[in-house]
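Step one of this worksheet: look at the structure below.
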Amino acid sequence: MRTASRFLIAIIFLGVVLGGIFGYKFYQFGQMGEMLSKPQPPAEIAATVARTESWTPSIKAVGSIKAVNGIEVANEMPGVIETINFESGDVVKQGDILIRLNTAIDEAAVRTRRAEAQLAEQEFKRISDLLPKRAVSQSQYDESKANFDAASARVNEAEAQLSKKIIRAPFNGTLGIRMVDQGEYIPTGTPIVEINMLDPIYVDFTLSEKNLQGVARGYSVVATVAAVPEQEFEGKVSAINTSVNPETRTVRVRATLSNPQKLLRPGMFATIQTLQPNDNEVVTVPRTAVSYNTYGDFVFVIEENDEGELTVNRRSVSTGQTRDTYVAILSGLEAGEKVVSKGLLRLRAGQKVKIQDEGQEKQPQEASE
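For the sequence shown, UniProt numbering gives the first residue as 1, with consecutive numbering after it.
Written out as structure tokens, the structure reads:
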């Protein structure tokens, strides 16, 4: 009897415990169902209004700064540097002497050639005087004339060799770092100093062939560089290549920029916007109002239901150019419609919303593609 009583007590205790557990869980499920059955509070959002703006269409590209004239000055003749007439970073004019090589041997050669030419000239004059008197033959006259002409040519050759020992600036520009020293022997073709013409200056960039009809000579361009991010450099398209690269299907374009402060240097990476002459009217919204997806872009349009409550409806749109923080809507949205500008990830179609912040930021000035 004792064993049966103990077994019965254990069963009753176990039943009480399990009943309590199941009862508590049932109560929890009931509470959860009651909470889920309650209507969710409206999601707080930021809203903005799609508006029509006048944008200047532009084509965005990247390129490199290039000097109008830029070379490494080198010597045509070998020799020892006698004098250096510049310092690194100097601004020079065309024809300014940069360095002189030792010219002792070349000057002696010039004197020798001049003496030979003088003797040939005297011989030619003497024979010229005798020819009318038939004291010399025509062949002697021709030979003396040829000797005189050859001697004169040798003088010119020697003087040209001498002049090449003086290296001059080939054009107006700014010098770089000097790469030679006084007294140094330099063989032919030794780089002496870099010289670049910095104002005006070129920027070369490439455009896709589909954008070729959107650019022409004379179109305005605006360039920016990382070295001076807060400044824009204005210029004009000066040349468009006559052929399209068959491998990349791009065309090379060159613009000329004003660079009076010489802030732009050859080799800099630049971002370029080519501006078209006519403005377009476009519907714009902040970029944060658009959800970009591989299967299509969309926005949440704010609407009012029959009860006068605000809800959101998902709508597919086609986007176009961007301008700073704004994007052009090509289709799917009309000017004046109100859209969600922030907090798209936590929204679903038909959800009730409450506008926490509503406004329109100042529109930027330039469009880019």
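Even for Gly, the Cβ is constructed at its ideal location relative to N, Cα and C.
Pair within 8 Å by beta-carbon distance, residue i and residue j
i    : j    : result
Q321 : A46  : no
F300 : L330 : no
G235 : L212 : no
A120 : F148 : yes
A216 : V62  : no
D96  : L162 : no
I177 : N75  : no
Y219 : L275 : yes
V283 : A335 : yes
V312 : V353 : yes
E72  : E194 : yes
Q273 : V222 : yes
Q140 : I127 : yes
E281 : V244 : no
M268 : A239 : no
P170 : Q94  : yes
Residue i versus residue j: straight-line alpha-carbon distance, rounded
i    : j    : result
S58  : D279 : 10 Å
R51  : V317 : 15 Å
G20  : S5   : 23 Å
S144 : K133 : 17 Å
V110 : T248 : 56 Å
Y326 : V285 : 6 Å
E230 : T224 : 8 Å
T288 : V339 : 11 Å
D199 : G214 : 27 Å
A117 : A153 : 9 Å
R168 : V68  : 19 Å
D204 : I65  : 6 Å
K342 : V49  : 13 Å
E304 : K25  : 40 Å
L98  : D181 : 12 Å
P364 : D324 : With a pLDDT of 46 at P364, under the threshold of 50, the modelled position of this residue cannot be trusted, and the question is left open.
E44  : F22  : 39 Å
V92  : L101 : 19 Å
D306 : D297 : 28 Å
I302 : S291 : 15 Å
Chain B within 8 Å of residue i, Cβ atoms only
i   : result
A47 : Judged by its chain identifiers, the structure shown contains no chain B, having just a single protein chain.
Strand pairing of residue i, partner residues [DSSP]
i    : result
G63  : F205, A270
S54  : E281
Y326 : P286, R323
S220 : K236, L275
Q84  : It should be noted that the sequence gives Ile, not Gln, for residue 84. Answer by DSSP bridge pairing, in chain order: I99.
P200 : P200 pairs with nothing; no bridge assigned.
I45  : I355
F298 : S291, S316
Per-residue burial, residue i [other beta carbons within 10 Å of its own, 16 or more giving buried]
i    : result
K165 : buried
N259 : buried
A160 : exposed
V16  : exposed
N196 : buried
Q261 : exposed
G70  : buried
G79  : buried
A151 : buried
L8   : exposed
L175 : buried
T103 : buried
G350 : exposed
T3   : exposed
L207 : buried
F13  : exposed
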